[in-house]
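Participant: Chains as they are written, first to last, in my numbering: chain A, 1 to 316; chain B, 1 to 153.
Built from N, CA and C at the ideal position, the CB exists for glycine as well.
Please see the structure below; I have some questions.
Structural data, given as structure tokens:
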């Protein structure tokens with residue numbers, strides 16, 4: 001038998017060794033190859049699933065897509081989201097083929113996140129923050145998709161939204177997108193640190209902090225001149241405080257570690273624990289993040305230009 | 001003249017009394033609210049202090065037991081601060097506290113269990129357990145505030 005060159009993969013090496021031997025060797029080889037390929041694939045899927053679960057938490061999907069107050073199943077939707085345009089009910093995003101997104105192709109999912117377009121070609125209302133998710137990296141979207149496939153399915157039927165007449169026609173969303181939305185990708189700023197850029201990605205593409213903390217115009221578009229400077233009650237649901245580092249109206253008196261504590265535990269600098277929407281967002285999302293990611297978010301938030309804008313109490 | 005004076009005196013005292021009563025009821029509510037808030041601040045103060053120590057932000061490890069005892073004591077007296085059903089006033093306490101008394105009691109039990117657990121863990125010197133129990137204290141605060149405390153206006 002000839003020597004086996006080193007570069008040959010072990011399956012082939014084994015095959016070469018096997019040739020000419022008894023037939024059980026072939027069977028053993030088949031079993032070996034099948035198992036090693038399967039093991040590798042399983043490990044890869046497991047890795048993606050884990051990453052996807054993390055993306056889900058970092059992106060704040062759970063708070064809206066789980067109706068926790070009414071004992072709703074994980075990601076089965078049905079949670080009421082009050083806006084000035086009416087009440088939206090989050091959809092079921094489990095993989096049930098009839099009621100969830102089980103019949104979608106991965107491409108449908110990417111298109112929804114990136115362009116705000118449903119599989120039937122209609123556009124979503126920006127209450128679904130594709131306006132932020134559009135910046136999410138493709139590999140993160142894919143991991144999220146793989147993870148969602150592993151979540152227990154729910155056959156909960158979607159609840160119809162209760163909206164003002166003028167936002168009811170689906171075409172309105174399309175027009176809104178033409179005016180106020182541009183698909184995009186996240187581009188790191190080369191002049192900033194790696195930590196800042198990681199924080200920027202987490203805040204802008206995943207956690208979508210600005211969707212609540214930036215006030216909206218009467219058309220429901222974010223008013224970027226007041227980015228992160230807080231939205232009064234009614235602008236978008238229950239309102240959200242100014243999170244720019246302004247000492248009077250924002251979080252300028254907070255230390256970085258106080259901000260990290262708040263994002264991970266929900267504890268305010270005075271030892272109080274807020275119980276509003278942010279508590280849900282922390283418990284169902286941010287609390288799962290690694291300390292270094294929370295630190296990156298704090299880095300980005302603390303470096304925002306301070307804006308004096310009294311939108312709400314300091315707690316929210 | 002004497003009768004008139006008497007009548008006037010009675011009328012004045014009646015008015016004073018009624019004003020006084022109205023005022024007293026209001027003052028009672030406001031005092032109860034202030035006391036409740038003082039106890040809440042004590043809970044928050046001990047929780048915040050314990051977190052700062054446990055996270056190593058301040059070096060006062062020896063003070064941890066005092067905070068744990070304080071927290072446990074405050075959790076025990078917490079329900080008494082809601083005995084008076086206050087209406088209106090400068091408070092964010094929701095009416096549901098008294099409407100859903102059973103639900104509220106459950107939340108009170110949660111913080112009492114968490115605080116007692118934290119104290120036990122600190123006394124045993126088990127850092128990991130103490131950290132976890134302190135987390136449960138925070139969870140219990142949040143859980144109750146979410147249901148029974150009004151958002152800031």
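1. Of the choices A:274, A:42 and A:136, whose alpha-carbon is the least far from that of residue 40 of chain B?
2. Kindly indicate if chain A contains any beta-carbon less than 7 Å away from that of residue 67 of chain B.
3. Comparing alpha-carbon positions, which option in A:74, A:155 and A:162 lies nearest residue 61 of chain A?
4. With a Cβ-Cβ cutoff of 7 Å, do residue 90 of chain A and residue 115 of chain A count as a contact?
5. Quick one: what does DSSP say residue 81 of chain A is sitting in, helix, strand or coil?
6. Taking the alpha-carbon positions, what's the residue 291 of chain A to residue 55 of chain A distance?
7. Considering Cα atoms alone, identify which of A:149, A:168 and A:202 is closest to residue 105 of chain A.
8. Ignore the nearest five residues each way along the sequence and tell me which others in residue 112 of chain B's own chain have a CB closer than 7 Å to its CB.
9. Taking the DSSP output, what are the residues bridged to residue 86 of chain A?
10. Look at the alpha carbon of residue 196 of chain A and the alpha carbon of residue 215 of chain A, and state the distance between them as a whole number of angstroms.
11. Identify every residue that forms a DSSP beta bridge with residue 222 of chain A.
12. Quick check: the stretch 279-299 of chain A against the stretch 185-202 of chain A, are there 3 or more CB pairs under 8 Å?
13. Please tell me whether residue 32 of chain B and residue 84 of chain B are closer than 7 Å, where the distance is taken between their beta carbons.
14. Rounded to whole angstroms, what is the Cα-Cα separation between residue 55 of chain B and residue 86 of chain A?
15. How big is the Cα-Cα spacing for residue 162 of chain A and residue 52 of chain B?
16. Who does residue 240 of chain A pair with in a DSSP beta bridge?
17. Taking Cβ positions, are residue 279 of chain A and residue 61 of chain B nearer each other than 7 Å?
18. When DSSP labels each residue in this structure, what does residue 273 of chain A get in the three-state scheme?
19. Report the CB separation of residue 203 of chain A from residue 49 of chain A in whole angstroms; it is logged as a contact under 8 Å.
20. Quick check on the DSSP output: the alpha helix (DSSP H) that includes residue 292 of chain A runs from which residue to which?
21. According to DSSP, which residues form a beta bridge with residue 132 of chain A?
22. Quick check on DSSP: helix, strand or coil for residue 307 of chain A?
23. Whole angstroms are fine: how far does the CA of residue 109 of chain B sit from the CA of residue 140 of chain B?
24. Using 7 Å as the threshold, is the C-beta distance between residue 336 of chain A and residue 158 of chain A below it?
25. Does the contact criterion of 3 or more C-beta pairs under 8 Å hold for the stretch 34-45 of chain A versus the stretch 123-134 of chain A?
26. Return the residue from the list A:270, A:242, A:311 and A:281 that minimises the CA-CA distance to residue 304 of chain A.
27. Within the continuous alpha helix (DSSP H) that includes residue 262 of chain A, where are the two ends?
28. Using a Cβ-Cβ cutoff of 8 Å, what residues of the stretch 46-65 of chain B are near chain A? List them in chain order.
29. State yes or no: is the C-beta of residue 113 of chain A within less than 7 Å of the C-beta of residue 124 of chain A?
30. If we call anything under 7 Å between Cβ atoms a contact, is residue 177 of chain A one with residue 94 of chain A?
31. Under three-state DSSP, which class holds residue 154 of chain A?
32. Between the stretch 258-276 of chain A and chain B, which residues of the former have a C-beta closer than 7 Å to a C-beta of the latter?
33. With DSSP run on the structure shown, which of helix, strand or coil describes residue 97 of chain B?
34. Given residue 115 of chain B, which residues of its chain have a CB within under 7 Å of its CB, disregarding the five upstream and five downstream residues?
35. Quickly, what does DSSP pair residue 123 of chain A with across the bridge? List them, please.
36. Using CA coordinates, which residue listed in A:282, A:229, A:277 and A:299 is at the minimum distance from residue 152 of chain B?
Facilitator: Looking at the atomic coordinates:
1. Comparing alpha carbon positions, the residue from A:274, A:42 and A:136 closest to residue 40 of chain B is A:274.
2. Not a single C-beta of chain A is nearer than 7 Å to the C-beta of residue 67 of chain B.
3. Closest by alpha carbon: A:74.
4. Cβ atoms of residue 90 of chain A and residue 115 of chain A: not closer than 7 Å.
5. In the structure shown, the three-state DSSP call for residue 81 of chain A is strand.
6. The straight-line gap separating the alpha-carbon atoms of residue 291 of chain A and residue 55 of chain A is approximately 15 Å.
7. If we check each option's Cα against that of residue 105 of chain A, A:149 comes out closest.
8. Around residue 112 of chain B: 75 and 76.
9. According to the DSSP secondary-structure assignment, residue 86 of chain A is paired through a beta bridge with A:83 and A:163.
10. Answer to the nearest angstrom: the Cα atoms are 23 Å apart.
11. The partner list for residue 222 of chain A (beta bridge, DSSP) reads A:216.
12. Judged by Cβ distances under 8 Å, the stretch 279-299 of chain A makes contact with the stretch 185-202 of chain A, as three or more pairs qualify.
13. In this structure, residue 84 of chain B lies closer than 7 Å to residue 32 of chain B by Cβ.
14. Near 43 Å, if we compare the C-alpha coordinates of residue 86 of chain A and residue 55 of chain B.
15. About 46 Å.
16. Looking at the DSSP assignment, residue 240 of chain A forms a beta bridge with A:231.
17. Their beta carbons are not under 7 Å apart, which means residue 279 of chain A does not touch residue 61 of chain B by this criterion.
18. Note: residue 273 of chain A maps to strand in three-state DSSP.
19. Contact doesn't hold; Cβ gap of about 25 Å is too wide.
20. First-last of the alpha helix (DSSP H) with residue 292 of chain A: 291-302.
21. Residue pairing of residue 132 of chain A in beta bridges, as defined by DSSP: absent, with no partner found.
22. Residue state, collapsed to three classes: coil.
23. Computed Cα separation, rounded: 9 Å.
24. Chain A is shown only over 1 to 316; residue 336 of chain A falls outside these bounds and no answer can be derived.
25. Three or more Cβ pairs closer than 8 Å define a contact, and the stretch 34-45 of chain A falls short of that threshold against the stretch 123-134 of chain A.
26. Nearest of A:270, A:242, A:311 and A:281 to residue 304 of chain A, Cα basis: A:242.
27. Judged by DSSP secondary structure, residue 262 of chain A falls within the alpha helix (DSSP H) whose first and last residues are 256-265.
28. For the stretch 46-65 of chain B, which is checked against every Cβ of chain A, the residues closer than 8 Å are 46, 47, 48, 49, 51, 55 and 57.
29. Contact annotation: residue 113 of chain A and residue 124 of chain A have beta-carbon atoms that are not nearer than 7 Å.
30. In this structure, the beta-carbon distance from residue 177 of chain A to residue 94 of chain A does not fall below 7 Å.
31. Taken through DSSP and simplified to helix, strand or coil, residue 154 of chain A comes out as coil.
32. Per Cβ criterion, the list reads 261, 265, 266, 267, 270, 271, 272, 273, 274, 275 and 276.
33. DSSP places residue 97 of chain B in helix when its eight states are reduced to three.
34. Closer than 7 Å at Cβ, skipping near neighbours: 71, 72, 75 and 137.
35. A:117.
36. Per the Cα distances, A:277.
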